[in-house]
Ligand code: ADP
Ligand code: ZN
Ligand code: ZN
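Residue numbers (my numbering): 385 to 1120.
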């Protein structure tokens, strides 16, 4: 194609759902598809990516501007990544230019060159003398940093140290180590380093071997696997063994994990075991570190890329396998802006590349189980916990008619006493932070409500404040009722702060530690507290589900779930599934081989069929029953949903906007698509805005997709869009 005739179709970061046409710059080479260009857009220069080169534009040629500059002589994004982005933008109904931001490290978005820069890193010296080493005994902080460097399988960069330590707390002690000659600073080679002496893993058991063999057989083919294995059954060992085989074929592996699952322990474990370099992509990296990791992946220098959800867009030179660990975890779905699901994109990406994808979980999502039932993926089971630990016992406690003291039934209190007296740890879950969810006047019935939301303010007694958990509004705690001036203000209900106070009185002599967003606000506080739990410095742990995810506490043998009812009777049809997953995830971490765990679940509805199934027959039976229920109610995965949300400052605006949307959508007469609403959102007003939603449902994806792709661009020009914020959520995970 002649340079002069070519038209560049460019993706530009803007909310408009289209590409923009430009002419090539005069007398310069035509940029390749996948290269960045600087273009004039509106009144500013922006960085875009060339998506297509065509010979025709809908606009007359003289109306087109020429690009300002070509930034890449070779494309930075190869075809398959461009394709993934285009597909994702289309499927999730998001503007391509904005979606592509996820695919590029920030430095590339800013137009910086696609080149690695050396990063500082630290390593222990080998010739330290004993007297200097002995000084560490008097300095626990230096000792901790020293230990970390010693345990690492190679030098550590600042980004890696930040994973281990709270923020920059390692800096001063590290500086001391350097002054003492115990550690040195060096510059990281531009390419990530492998491990010259990888350690062998344990001998795999029969189930693990079967799982490894099944996946290895399909290397080079498109096949989806679901690795369904209880916590501690050795899923990670299975991953590592398969990865070794992929590496033997000189290919790379992408491993996606939930945010909370990306721990230094996990990364160290991969590095210890694998010879090829492991690079990490997470939110704690600085811009250059992120770019370096991205380039190492793209250029084939990294053997494994472990990252959180946005890593699904990382280009790889030679992909052999994609792994999604904890595939049921909600954090794999982005809940704002570009609302993609990293697991689903991983499956698609693997299919396009003709490589297997391995989803792992102890509590697979109903979506993934359904796919397996339908023959779209193959299930591999790991049923035994390594080391022969027996599974924890689940007990339901019927709260009806029981004496309850501050949210704790007598039976649970007795069980706690018995475990504590034997020197073990107890963990209690309550999904409400603060002291009490409601503050009420005993004389006139007044309730403390948020002025910006349809919600109660939560009482936080320690800081003497009322806080709204939905918009963050705060006010000082009053001593008298604002309506009747009575002093009889009563605290209704229980939050974690109140539970902690109760426990201090109820279990004197034991140390209690609370883990929720309030008690871990300071940087590093969470890590500190987790460390204290692991070292056994506290015996009773109280927390929200923050405590449930990802952490292993081998000393905990009793888990109490104080209020299971919110999961059984929620407006969100996924609440029960999530509660079951939460129960089993914490149960899976309770106890160990010699100390079996027990889980007590407090509920007013022990007869609830799904809960009963979970308790008596386990997760697989629960999932089968829950899937059947979804079939009867025609909910996902038996159908597909799209949720359109809108919000506006004026009451009624969001609703009337969505009414218009519905009208437009129904004009197309797509009979497969059903409409529900628009309705006001379950909590209509939040942070001063009135919210509404319109739900679309169809038995297949196709018609829904087509309808939205055709119709959404025309909504951008509706006059109401100036007053209304709106968004599209395809396959929504939360229904609010
Ligand atoms: P999961 O990822 O399923 O939670 P892991 O792979 O972390 O399980 O394994 C749990 C523990 O059991 C780890 O300490 C691991 O080293 C050990 N383990 C796993 N497989 C075996 C095996 N075949 N033999 C001995 N120990 C094993
Ligand atoms: Zn009052
Ligand atoms: Zn509020």
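Yeah, the Cβ is synthetic: ideal placement off N, Cα and C, and Gly gets one too.
For residue 864, is the beta carbon positioned less than 6 Å from some heavy atom of ligand 5? Of the ligands one can find in the structure shown, namely ligand 1, ligand 2 and ligand 3, none is ligand 5.
Distance, residue 993 Cα to residue 823 Cα: 34 Å
Residue(s) in a DSSP beta bridge with residue 557: Residue 557 is not bridged to any residue.
If you reduce the DSSP assignment to three classes, tell me which class residue 608 lands in. strand
Helix, strand or coil at residue 949 [DSSP, three-state]: helix
Residue 819 vs residue 843 beta-carbon contact at 7 Å: yes
Leaving out five residues before and five after residue 509 in sequence, what residues of the same chain have Cβ atoms less than 7 Å from its Cβ? 565, 566, 567 and 568
Output the distance between the C-alpha atoms of residue 474 and residue 1074, rounded to the nearest integer angstrom. 28 Å
Relative to the alpha-carbon of residue 1058, which residue among 1040, 1038 and 1087 has its alpha-carbon at the smallest distance? 1087
Expected contact under 8 Å - CB spacing of residue 437 and residue 390 to nearest Å: 5 Å
Roughly how many whole angstroms lie between the Cα atoms of residue 694 and residue 915? 29 Å
Selected residue, minimal CA-CA separation from residue 641, among 925, 721 and 708: 708
Using 10 angstroms around the beta-carbon of residue 802, count the other beta-carbons present and answer buried if the total reaches 16, otherwise exposed. exposed
Distance CB(residue 575)-CB(residue 529) smaller than 7 Å: no
With 16 as the cutoff for other CB atoms within 10 Å, does residue 755 come out buried or exposed? buried
Using the beta-carbon count (16 or more within 10 Å), is residue 928 buried or exposed? buried
Going by beta carbon distance, what residues of the same chain come within less than 6 Å of residue 1041, once the five residues before and after it are set aside? 1030, 1104 and 1108
Nearest-residue set for ligand 3, Cβ under 5 Å from any heavy atom: 834, 836, 837, 852, 854, 855 and 857
Reducing DSSP to helix, strand and coil, say where residue 738 ends up. coil
I'd like to confirm something about residue 960: is its beta-carbon nearer than 6 Å to some heavy atom of ligand 2, or not? no
Residue 1045 beta carbon less than 7 Å from that of residue 476: no
Buried or exposed: which applies to residue 469, given that a residue is buried once 16 or more other Cβ atoms fall within 10 Å of its Cβ? buried
Check the DSSP bridge columns for residue 630 and list the partner residues they point to. DSSP, once it has assigned bridges, lists no residue as partnering residue 630.
Using the Cα positions of residue 497 and residue 403, report the straight-line distance between them to the nearest angstrom. 24 Å
Buried versus exposed, by CB contacts within 10 Å (16 or more), residue 490: exposed
By the DSSP assignment, the beta strand (DSSP E) with residue 429 in it spans what residues? 428 to 438
Complete runs of the beta strand (DSSP E) confined to the segment 953 to 1039 [at least 3 residues]: 982 to 987 and 1024 to 1032
Buried or exposed for residue 879, please, with buried defined as at least 16 other CB atoms from any protein chain shown within 10 angstroms of its CB. buried
Evaluate contact between the segment 760 to 767 and the segment 857 to 866, counting only Cβ atoms and requiring at least three cross-stretch pairs below 8 Å. no
DSSP three-state call for residue 1067: helix, strand or coil? strand
List the residues that DSSP assigns as beta-bridge partners of residue 1110. 1030
Residues bridged to residue 940 (per DSSP): 809
Just to confirm, does residue 1110 get its C-beta within under 6 Å of one of the non-hydrogen atoms of ligand 2? no
Any contact between the segment 605 to 618 and the segment 740 to 753? By contact I mean 3 or more CB pairs, one from each, below 8 Å. yes
I'd like to confirm something about residue 589: is its beta-carbon nearer than 6 Å to some heavy atom of ligand 1, or not? yes
Tell me whether residue 510 sits in a helix, a strand or coil according to DSSP, three-state version. coil
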